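Trainee:
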């Protein structure tokens, strides 16, 4: 008589296979976070032995949360993320809808559009620094053709903020584009065909059928872009170093300066915890709108 | 005479003879290097014109000594992070590290670099003909000494931790062709400089004076260039911040005028942008580090070859030109300290200093500036020799906290004044509390 495996045995097998991946994920994900939180309770300067680190308790957190510069840079980050991610989502979706069909030469354009995403952020910063250069930059040269006087793009608070947003949109719209076009390609063509038979035109088809069907993809894309927008550092480091004044000093730039210039690793860690909390809240908010991990939604 | 006495006498006579005859001296020098032949010295260096020049002469060192050199060249503003991480390890990858003068006290405070006297006192390593007194005094004191008055000035307690290599002062460079065409004279005082800015811009059609202006270290550096000649200071003798004094405000007002009459976008300029604007003919004057002298006549980088004259950094209430730039030190956790010292000694020797200057680097020795062949190649060094008399050793407070004050406090206030968001008074006053806090935290002030 054949033995039937007990139910708890299959659960054990599942755990057996999942455990190595889970351990690696925990080690890679949780350990740095716990270390950062722990560091927030110490006053430690780079280049000195850890044994010299001084226990400060909640002091770093109290100082950080009472520092107006932290809240100012958080506000700058929120503005930066809101404007750049909104523009990227809109442009990325629009581009994907425009290029989703089997139009001749589209493969070339799709490849071309995703190129900026592959460029290293430092190179992106340097490229845009040259483009925005007041004396020799092509942007001012183009404006001169139309009789517009040269502008100090990186020397004016409003223009510098616009400059960092433009560079972010240039680099990361392709990411939205590639995610959305993959989502659109996965839509069952019979659904679209049925909608067309029912008389749906392009706009109705897009708004009522295509976008709702890729809502999960849009949510995940939004979350990933938000997280990245909150962590942006290299491009701003090269373009403006947070200036003029502190007008483009996003939170990650402030963390960098606190850690590596102020040599206050504890305070920098405390601000990192704040950044983590904000990003987690925004992620939760975005996933509430459409969570691909939840069961039974949209029939998937 | 016993055999031992004979040998002793012979030894002394030999050393004396070696001093007289270069061939024998060369042989002794060879012996100095013999033990380290085949070792590799790893250097941390910045992307900087002086170190580009050094790269050209390094093969001579390897050929002469058999010691190899490996360079880790990175952007100047990323160098400190990497050095701190390397030097904090039990054994680091760097044997010789280039540092900006502002880092010297922090590195010593953290016990990351070693004093150089033991090496110079070691007859097996030290070159008897090195001539420390020939190194430009202002450079040596500012770049190398730590532990003296205020922790960074020459005086009782100061010890030598590094040697200047790529050190510099400030000088005024101007376009001779433009000045002659419009009948202007190079300004000798800050009063003349101020009066010159607007008409020079108007008549030349280009920016009057190129300057740094980017938020952080860059704009503070530009402000310090004017603060010192105008008689201002960042701190008083008791470490109280006094940078918002009338002199400090006056220096910032002048800098604002320079920005307003300079090339478009100066308030966003880092050092490279500022140099480039002058080299590409976008400004009629330049007032900053002397590294410009090696760049203006390089046709690959400059459109103004042969059109530049030099004058002393203008006088305010006194002459006070910049002191700073780059130096070399040996990390405490270096693997090959002796070989690193031999390279340091060779690079800063009289012969190598001439070579690096000829290759476009900064001279570190008076003998180089007085060398007829060098003066023939660089006749403008006559004005540099004069300028070196006015190097201000206390040009900025080189304390471990300076980076934070410089970039996160003053760098914001000065920048906001340059963009017009705040007046010069408001800009400086607004960062007073932050600087006071930093000084309290550092233990300089009670509270």
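Protein chains in written order, with this note's numbering: chain A, 191 to 490; chain B, 18 to 464.
Ideal Cβ positions, reconstructed from N, Cα and C, are used throughout, including at glycine.
These numbers come from a predicted model, not from an experiment.
Which residues, taken in chain order from the segment 410 to 432 of chain A, show a beta carbon closer than 8 Å to some beta carbon of chain B?
Mentor: 430, 431 and 432
Trainee: With 16 other CB atoms within 10 Å as the buried threshold, where does residue 108 of chain B fall?
Mentor: To locate residue 108 of chain B, count along the second chain from 1; it is residue 91. So residue 108 of chain B ends up on the exposed side.
Trainee: What span of residues does the alpha helix (DSSP H) with residue 276 of chain B cover, start to end?
Mentor: Taking the first residue of the second chain as 1, we reach residue 276 of chain B at position 259. Taken as a continuous stretch (DSSP letters only), the alpha helix (DSSP H) holding residue 276 of chain B covers 263 to 278.
Trainee: In chain A, which residues lie with their C-beta within 7 Å of the C-beta of residue 429 of chain B?
Mentor: Walking along the second chain from the start, residue 429 of chain B turns up at place 412. The answer, in chain order, is 435 and 436.
Trainee: Helix, strand or coil for residue 40 of chain B? Go by DSSP, reduced to three states.
Mentor: Here residue 40 of chain B refers to the residue found at position 23 of the second chain. In this prediction, residue 40 of chain B scores a pLDDT of 45, lower than 50, which makes its location untrustworthy; the coordinate-derived value is nonetheless stated afterwards. Looking at residue 40 of chain B - three-state DSSP - the assignment turns out to be helix.
Trainee: Mark residue 269 of chain A as exposed unless 16 or more other C-beta atoms lie within 10 angstroms of its C-beta, in which case mark it buried.
Mentor: On the first chain, position 79 is the one that residue 269 of chain A refers to. Under this definition residue 269 of chain A is an exposed residue.
Trainee: In angstroms with no decimal places, state the Cα-to-Cα distance between residue 469 of chain B and residue 118 of chain B.
Mentor: Residue coverage of chain B in this structure runs from 18 to 464, which leaves residue 469 of chain B outside it and unanswerable.
Trainee: Assign residue 255 of chain A to buried or exposed, taking buried as 16 or more other Cβ atoms, counted over all protein chains shown, within 10 Å of its Cβ.
Mentor: Here residue 255 of chain A refers to the residue found at position 65 of the first chain. Exposed.
Trainee: So what's residue 338 of chain B in DSSP terms, helix, strand or just coil?
Mentor: What you label residue 338 of chain B is simply residue 321 of the second chain in a count that begins at 1. Residue state, collapsed to three classes: strand.
Trainee: Express the C-alpha separation of residue 287 of chain B and residue 464 of chain A in angstroms, rounding to a whole number.
Mentor: In the first chain, residue 464 of chain A corresponds to position 274, counting from 1. In the second chain, residue 287 of chain B corresponds to position 270, counting from 1. So the two alpha carbons sit approximately 31 Å from each other.
Trainee: Rank B:169, B:392 and B:56 by C-alpha distance to the C-alpha of residue 123 of chain B and give the top, closest one.
Mentor: For the purposes of this step, residue 123 of chain B is taken as the residue at position 106 of the second chain. Taking only the C-alpha atoms, the option nearest residue 123 of chain B is B:169.
Trainee: Please name the residue in B:358, B:110 and B:420 whose C-alpha comes closest to that of residue 132 of chain B.
Mentor: If you number the second chain from 1, residue 132 of chain B lands on position 115. Residue nearest to residue 132 of chain B within the set B:358, B:110 and B:420 is B:358 (criterion: CA-CA distance).
Trainee: State the beta-bridge partners of residue 124 of chain B as determined by DSSP.
Mentor: The sequence position of residue 124 of chain B within the second chain is 107, counting from 1. Paired residue(s): none; residue 124 of chain B is not in a bridge.
Trainee: In three-state terms, what does DSSP make of residue 238 of chain A?
Mentor: As a first step, residue 238 of chain A is located in the first chain; it is residue number 48 there, counting from the start. Three-state DSSP puts residue 238 of chain A in coil, outside helix and strand.
Trainee: Candidates A:473, A:233 and A:206: which alpha carbon is nearest residue 415 of chain A's?
Mentor: Position 225 of the first chain, counted from the start, is the residue given in the question as residue 415 of chain A. The residue with the shortest Cα to Cα distance from residue 415 of chain A is A:473.
Trainee: Taking a cut of 7 Å between CB atoms, which residues from the segment 443 to 454 of chain B lie near chain A?
Mentor: none
Trainee: Is residue 425 of chain B close to chain A, meaning its C-beta is less than 9 Å from at least one C-beta of that chain?
Mentor: Residue 425 of chain B sits at position 408 when you count from the first residue of the second chain. Put simply, the CB of residue 425 of chain B is near chain A, with a gap under 9 Å to one of its CB atoms.
Trainee: Residue 87 of chain B bridges to which residues according to DSSP?
Mentor: Translated into the one-based positions of the second chain, residue 87 of chain B becomes position 70. Paired residue(s): B:59.
Trainee: At the level of alpha carbons, what is the spacing between residue 180 of chain B and residue 340 of chain B?
Mentor: Position 163 of the second chain holds residue 180 of chain B. Position 323 of the second chain holds residue 340 of chain B. If I take the Cα positions, the gap works out to 14 Å.
Trainee: Cβ closer than 8 Å: which chain A residues qualify as neighbours of residue 378 of chain B?
Mentor: Taking the second chain and counting its residues from 1, the one referred to as residue 378 of chain B is at position 361. Neighbours of residue 378 of chain B across chain A, judged by C-beta separation under 8 Å, do not exist; the nearest C-beta is about 25 Å away.
Trainee: Strictly below 7 Å CB to CB, what residues from chain B border residue 344 of chain A?
Mentor: Here residue 344 of chain A is taken as the residue at index 154 of the first chain, counted from 1. Residues of chain B passing the Cβ test: 282 and 285.
Trainee: Taking contact to mean at least 3 C-beta pairs separated by less than 8 Å, is the segment 290 to 310 of chain B in contact with the segment 132 to 152 of chain B?
Mentor: The segment 290 to 310 of chain B makes no contact with the segment 132 to 152 of chain B; the number of CB pairs closer than 8 Å stays below 3.
Trainee: Please compile the residues from chain A whose C-beta is within a distance smaller than 9 Å of the C-beta of residue 104 of chain B.
Mentor: Residue 104 of chain B sits at position 87 when you count from the first residue of the second chain. Result: 237.
Trainee: Tell me whether the segment 428 to 445 of chain B and the segment 252 to 270 of chain B touch, counting them as touching only if at least three CB pairs, one residue from each stretch, are closer than 8 Å.
Mentor: yes
Trainee: Just checking: is the beta-carbon of residue 421 of chain B within a distance shorter than 9 Å of some beta-carbon in chain A?
Mentor: As a working mapping, residue 421 of chain B is identified with position 404 in the second chain. So yes, residue 421 of chain B belongs to the interface.
Trainee: Given a cut-off of 9 Å on the beta-carbon distance, is the pair residue 420 of chain A and residue 271 of chain A in contact?
Mentor: Here residue 420 of chain A is taken as the residue at index 230 of the first chain, counted from 1. Here residue 271 of chain A is taken as the residue at index 81 of the first chain, counted from 1. Yes, Cβ-Cβ distance for residue 420 of chain A and residue 271 of chain A is below 9 Å.
Trainee: Compute the Euclidean distance between the alpha carbons of residue 165 of chain B and residue 157 of chain B, then round it to the nearest angstrom.
Mentor: Working through the second chain from its first residue, we reach residue 165 of chain B at position 148. Working through the second chain from its first residue, we reach residue 157 of chain B at position 140. One C-alpha to the other measures close to 14 Å.
Trainee: Taking DSSP as the reference, what is the three-state secondary structure of residue 389 of chain A?
Mentor: In the first chain, counting from the first residue as 1, residue 389 of chain A sits at position 199. Coil, per DSSP.
Trainee: Of all the CB atoms in chain B, is at least one closer than 9 Å to the CB of residue 326 of chain A?
Mentor: In the first chain, counting from the first residue as 1, residue 326 of chain A sits at position 136. Yes, because at least one Cβ of chain B sits closer than 9 Å to the Cβ of residue 326 of chain A.
Trainee: Where do the ends of the beta strand (DSSP E) carrying residue 192 of chain B lie?
Mentor: Residue numbering aside, residue 192 of chain B sits at position 175 when the second chain is read from its first letter. Here the beta strand (DSSP E) through residue 192 of chain B covers 187 to 192.
Trainee: Under 9 Å, Cβ to Cβ, is there at least one residue of chain A near residue 387 of chain B?
Mentor: Counted from its first residue, the second chain places residue 387 of chain B at position 370. Not an interface residue.
Trainee: Using only alpha-carbon positions, find the residue among B:462, B:401 and B:372 that is nearest to residue 77 of chain B.
Mentor: In the second chain, residue 77 of chain B corresponds to position 60, counting from 1. It is B:372.
Trainee: Comparing the C-beta of residue 432 of chain B with each C-beta of chain A, is any distance below 9 Å?
Mentor: By 1-based counting over the second chain, the position of residue 432 of chain B is 415. Interface residue, yes.
Trainee: In the DSSP assignment, the beta strand (DSSP E) including residue 302 of chain B goes from what residue to what residue?
Mentor: As a first step, residue 302 of chain B must be located in the second chain, where it is residue number 285. Segment 300 to 306, the beta strand (DSSP E) holding residue 302 of chain B.
Trainee: Work out the CA separation of residue 356 of chain B and residue 322 of chain B for me, nearest whole Å.
Mentor: Translated into the one-based positions of the second chain, residue 322 of chain B becomes position 305. Translated into the one-based positions of the second chain, residue 356 of chain B becomes position 339. The alpha-carbon atoms of residue 322 of chain B and residue 356 of chain B are separated by roughly 40 Å.
Trainee: For chain E, is any of its Cβ atoms less than 9 Å away from the one on residue 290 of chain B?
Mentor: Among the protein chains of the structure shown, namely A and B, there is no chain E.
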